[in-house]
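A.B. asks:
Numbering (our numbering), first residue to last: 7 to 156.
1. Could you check whether the region 55-75 touches the region 113-126, counting it as contact only if at least three pairs of C-beta atoms, one from each stretch, sit closer than 8 Å?
2. Can you tell me which of the three DSSP states residue 99 falls into?
3. Opposite residue 157 in the DSSP bridges: which residues?
4. Who pairs with residue 35 in a beta bridge, going by DSSP?
5. From residue 139 to residue 131, what distance separates their C-alpha atoms?
6. From residue 9 to residue 137, what distance separates their C-alpha atoms?
7. I'd like to check one pair, residue 37 with residue 95: are the Cβ atoms closer than 7 Å?
8. Name the residue from 99, 104, 105, 22 whose alpha carbon lies nearest to the alpha carbon of residue 114.
9. Three-state secondary structure (DSSP) at residue 139?
10. With a 10 Å radius around its C-beta and 16 neighbouring C-beta atoms as the bar for buried, classify residue 33 as buried or exposed.
11. Which partner residues does residue 61 have in the DSSP bridge list?
12. Buried or exposed, going by whether 16 or more other CB atoms sit within 10 Å of the CB of residue 44?
13. Pull up the distance between the alpha-carbon of residue 7 and that of residue 13, whole angstroms please.
14. For the alpha helix (DSSP H) containing residue 14, list its first residue and its last residue.
15. I'd like to confirm the pairing. Which residues does DSSP put opposite residue 27 in its beta bridges?
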């Protein structure tokens, strides 16, 4: 991954952090990632008075990924509003694994690492028996959110 891509992702993540809703912790977090088709998706954290309901920036990013057509994440950055790198929490590492896989590149304070390094021996869809997997979701030609309801 070219350095200019990482710089762009960091800039996009800082911009996203400006939209965070963080009245309780004051920690505004932004995340940005490149999708396998070249798109960039972003997310920010959204806190809740019931702390357990807080959505991390990675949750918003994955929602943006799905809402914009899906795909696989290939490179990921998470920062605070000042641009300092933040590591994804365990829950978010699991979420990123589902949508980027073990080869997803993640910028950390120690450099670029694969998600497999940050979440070794991850649980994923391949650990489930075939009959437990949901049918493959598809997006109609009309775009996301227009799939027929069964």
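Even for Gly, the Cβ is constructed at its ideal location relative to N, Cα and C. Quick caveat: nothing in here was measured; it's all calculated off a predicted structure.
C.D. replies: Straight from the coordinates:
1. Taking 8 Å as the limit for Cβ pairs, the verdict is that the region 113-126 does not touch the region 55-75.
2. DSSP places residue 99 in the helix class (H, G or I) of the three-state scheme.
3. Residue 157 falls outside the range modelled here, since the chain spans only 7 to 156, and no answer is possible.
4. 86.
5. For the pair residue 139 and residue 131, the Cα-to-Cα distance works out to about 7 Å.
6. Cα to Cα, the separation comes out at about 42 Å.
7. Taking C-beta atoms as the reference points, residue 95 and residue 37 fail to come closer than 7 Å.
8. Comparing Cα positions, the closest option is 99.
9. Looking at residue 139 - three-state DSSP - the assignment turns out to be coil, as it is neither helix nor strand.
10. Looking at its Cβ environment, which holds fewer than 16 other Cβ atoms inside 10 Å, residue 33 is exposed.
11. According to DSSP, which records beta bridges pairwise, residue 61 is partnered with 52.
12. Exposed, since its Cβ has fewer than 16 Cβ neighbours within 10 Å.
13. Taking the straight line from one Cα to the other gives about 11 Å.
14. Segment 9-23, the alpha helix (DSSP H) holding residue 14.
15. For residue 27, DSSP records a beta bridge to 52.
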